[in-house]
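Take a look at the structure below.
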Amino acid sequence: MFKHPLLRFFSSLKLAVVLILSLAFVLAIGTGLESVYGTRAVKAFVYGTPWFAGLLFLLAVSLTTAALSRYPWKRHQTGFVCTHIGIIVLIIGAFFTSHYGVDGNLPVREGTYGTEVILNELVLTIENNERREMEIMIPEAPREKTGNLQEIKFDGATLTMDRFLPRVSVEREVQESPVAGVGAPAIQVTLANSRFKVTEWLVQKDASVPAEINLGPAVMSFEAARDEGSFLKGGGKRAPEKDPGTIVLTRNGKSHRARIVDALKGWMKMGDGLTLKAEKYFAYASVEKNQLVSKSDEPLNPAVTLLVRDASGNEEKHTIFALYPEFATMHKSHQSSATQVLGVSLKMVAKNARRANARGSLRFASVGDKLLFSTSTESSGYASNGVVKVGTSIPTGWMDLQFNVEKWIPQAVEARVPRYVDKVAGSDAGFVAAAHFKFRAPGRPEEEFWLYEGSEHVLPFTKNVVSAVLHRRTLGLPFQIQLDKFTIHHDPGTEKAAGYESQVTVRGEPGNQSARISMNEPLQYGGYTFYQASYQLQEGEAPISVFSVNFDPGRMVKYAGSLFLCLGILLMFYMNPHYWNVLLGAQRLSQKPFVGRGEPK
Numbered sequence: 006m007f008k009h010p011l012l013r014f015f016s017s018l019k020l021a022v023v024l025i026l027s028l029a030f031v032l033a034i035g036t037g038l039e040s041v042y043g044t045r046a047v048k049a050f051v052y053g054t055p056w057f058a059g060l061l062f063l064l065a066v067s068l069t070t071a072a073l074s075r076y077p078w079k080r081h082q083t084g085f086v087c088t089h090i091g092i093i094v095l096i097i098g099a100f101f102t103s104h105y106g107v108d109g110n111l112p113v114r115e116g117t118y119g120t121e122v123i124l125n126e127l128v129l130t131i132e133n134n135e136r137r138e139m140e141i142m143i144p145e146a147p148r149e150k151t152g153n154l155q156e157i158k159f160d161g162a163t164l165t166m167d168r169f170l171p172r173v174s175v176e177r178e179v180q181e182s183p184v185a186g187v188g189a190p191a192i193q194v195t196l197a198n199s200r201f202k203v204t205e206w207l208v209q210k211d212a213s214v215p216a217e218i219n220l221g222p223a224v225m226s227f228e229a230a231r232d233e234g235s236f237l238k239g240g241g242k243r244a245p246e247k248d249p250g251t252i253v254l255t256r257n258g259k260s261h262r263a264r265i266v267d268a269l270k271g272w273m274k275m276g277d278g279l280t281l282k283a284e285k286y287f288a289y290a291s292v293e294k295n296q297l298v299s300k301s302d303e304p305l306n307p308a309v310t311l312l313v314r315d316a317s318g319n320e321e322k323h324t325i326f327a328l329y330p331e332f333a334t335m336h337k338s339h340q341s342s343a344t345q346v347l348g349v350s351l352k353m354v355a356k357n358a359r360r361a362n363a364r365g366s367l368r369f370a371s372v373g374d375k376l377l378f379s380t381s382t383e384s385s386g387y388a389s390n391g392v393v394k395v396g397t398s399i400p401t402g403w404m405d406l407q408f409n410v411e412k413w414i415p416q417a418v419e420a421r422v423p424r425y426v427d428k429v430a431g432s433d434a435g436f437v438a439a440a441h442f443k444f445r446a447p448g449r450p451e452e453e454f455w456l457y458e459g460s461e462h463v464l465p466f467t468k469n470v471v472s473a474v475l476h477r478r479t480l481g482l483p484f485q486i487q488l489d490k491f492t493i494h495h496d497p498g499t500e501k502a503a504g505y506e507s508q509v510t511v512r513g514e515p516g517n518q519s520a521r522i523s524m525n526e527p528l529q530y531g532g533y534t535f536y537q538a539s540y541q542l543q544e545g546e547a548p549i550s551v552f553s554v555n556f557d558p559g560r561m562v563k564y565a566g567s568l569f570l571c572l573g574i575l576l577m578f579y580m581n582p583h584y585w586n587v588l589l590g591a592q593r594l595s596q597k598p599f600v601g602r603g604e605p606k
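See the structure below:
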């Protein structure tokens, strides 16, 4: 037993109990906060804080002094000592992992290589056209923070962060253009009846192409008409669709496109050794007498039948519907076994496709200082037309629907605005961080702007241009990961991913190494472990495979601590004389005969 009062305090059982209960309480609070605010928030608020590290350090000091206070140790204390050593070693391993480990993501596009791991730390990078960089750590928080959070001075200017949002979804907002002559006409329309209500923006970015949106019970469009008479005279009749659309063929994560009008002329090369030919196009597909026919030229249910052939001559026949991409499309295989599957998924994209139960269309047009409307139904054609008065409800003439033009902005611009998400139900991976800044420079008016995680804002100066970028900190790998091929395995007859894997080449000093990374088979190289985390697909572009990267220098230390902890617990049971006395005493009693009233003889 120590004589010094400080050592006696740290080795006391009371302190150990208080520390263990405090740690259990903090872990419980952290688990609750993670379920409400997400993983990043709880790491910034609990697990990554100095006070949490201090709590673990105090526990390690208490365990060490408690073990040393019983030195020299006796034989029956072996389990006690091993248990304390195991917990101390675990804390040391956690320290190495927390301070020197790497946990991030590595996105790599097929055919390219990646070397930059995206970490969790949020930073603001300032750079000018002379390539001088300044990197400032942005402390995160579980909830919204306001005030003078960060002030950065450079080149005589001041950049102040006065608001931080840890989780936002970035939404589109249409605003009146602050610059005369810049912008596009836009209207905000509400369409509603007793069972249905929706509000949407229509922004006419191209004067030659109407802005259009399909809402199910109605198709709304906004255009620039030549004159009032021609628009109102046309009523609501829609001309037959001249372009039936395109076919998107996906195989092994790569997408290829073909226009239906071209595919109807004959076989087309689609890449990956595949060719495609469309047999027939149906604008309004319907089954009559077990045959697929087109009831009209209106694109109310577009469909197309086609053949897909590989380099070996194997063919598959498919029927795909623009409005029902989830339908199983393959009918049968030709010139091959009945079970032959080419492993393709097909999608039909029709610009003006709409279901047969779409009851009507609602058209708007701007002519000078007037806003006109015209409604129509699929069955009867013309319904009504006239001049729109902003803020007034007007009946459409079908489905008891009324429309109301809430706003009309002759010159509008679209802006990205943050929608703050205070609490999350599960993972926070779908949200990004956002920060609001004020920028002041000599001779220039004050400017305010939002920066979203992964976005950039340019700040013009007199002599140079400065850009501010909000992003996650990156770490360069000492080698390269090249993605040779990314493959997705789909559930039969659907586009749902059943699994995915990446064939990669690691380029390092010992030499190149080929490997396969799948959901259950990580790659270990140079002390790093690469897991197949997710992927990103975009039509017409090579797929991106996202790897989760982990480097844990404390892993073996934590393994050793766990081994010591388990060994100590076993030894405490094995060498505890009280345990064996109770066990052997019960055994002797069970072997003695009982007489009389049950008293042992």
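So for the sequence shown, our numbering puts the first residue at 6; every next one is plus one.
We treat Cβ as the ideally placed atom computed from N, Cα and C, and that holds for glycine.
Contact between the stretch 434 to 446 and the stretch 196 to 204 is not established, with fewer than three Cβ pairs separated by less than 8 Å. Just measuring C-alpha positions, the residue of 128, 161, 120, 173 sitting nearest residue 149 is 173.
For the pair residue 547 and residue 194, the Cα-to-Cα distance works out to about 38 Å. Shown here for residue 50: same chain residues with a beta carbon closer than 6 Å to its own, the five before and five after excluded, namely 147 in chain order. Shortest Cα-Cα distance from residue 265 to any of 72, 312, 579, 501 involves 312. Between the stretch 73 to 89 and the stretch 508 to 516, the count of C-beta pairs closer than 8 Å stays below three; the two stretches do not touch. Around residue 129, the same chain offers 141, 143, 475 as residues with beta carbons nearer than 6 Å, after the five sequence neighbours per side are excluded.
It is roughly 28 Å from the alpha-carbon of residue 292 to the alpha-carbon of residue 218. In the three-state reduction of the DSSP assignment, residue 10 falls in the helix class, which pools H, G and I. The alpha carbon of residue 318 has as its nearest neighbour, out of 349, 280, 294, the alpha carbon of 280. For residue 70, the enclosing alpha helix (DSSP H) stretches over residues 55 to 73.
In the three-state scheme derived from DSSP, where H, G and I count as helix and E and B as strand, residue 329 is classed as coil. Looking at the DSSP output, residue 205 sits in a beta bridge with 194. The C-alpha of residue 563 lies about 17 Å from the C-alpha of residue 533.
Per DSSP, reduced to three states, the secondary structure at residue 52 is helical.
Partner residues in the beta bridge of residue 536, as assigned by DSSP, are 553.
A Cβ-Cβ separation of about 4 Å places residue 224 in contact with residue 366 under the 8 Å criterion. About 15 Å separates the beta carbon of residue 462 from that of residue 168, a gap too long to meet the 8 Å contact definition. Residue pairing for residue 419: DSSP places it in a beta bridge opposite 179.
In this structure, DSSP gives residue 404 a state outside helix and strand, which the three-state scheme calls coil.
DSSP, reduced to helix, strand and coil, places residue 580 within a helical segment of the structure shown.
The C-alpha of residue 459 lies about 9 Å from the C-alpha of residue 437. Inter-residue distance for residue 477 and residue 526 is about 27 Å (C-alpha atoms, whole angstroms). By the Cβ test, the stretch 87 to 101 is in contact with the stretch 57 to 70, since at least three Cβ pairs between them sit closer than 8 Å. By the beta-carbon neighbour count (other beta carbons within 10 angstroms, threshold 16), residue 465 is exposed. Taking 8 Å as the cut-off, the Cβ atoms of residue 481 and residue 120 count as close.
Cβ-Cβ distances below 8 Å link residue 61 to 28, 96, 99, 100 in the same chain, with the five nearest sequence neighbours on each side left out; the list follows chain order. In the three-state reduction of the DSSP assignment, residue 427 falls in the coil class, being assigned neither a helical nor a strand state. Three or more Cβ pairs closer than 8 Å define a contact, and the stretch 514 to 526 falls short of that threshold against the stretch 150 to 158. Nearest in C-alpha terms to residue 297, of all of 289, 304, 303, is 289. In this structure, DSSP gives residue 101 a helical state, which the three-state scheme calls helix.
Here DSSP, grouped into helix, strand and coil, assigns residue 211 to coil.
Going by C-alpha positions, residue 267 is about 18 Å away from residue 322.
For residue 27, the enclosing alpha helix (DSSP H) starts and ends at 18 to 42.
Nearest in C-alpha terms to residue 257, of all of 277, 248, 250, 238, is 277.
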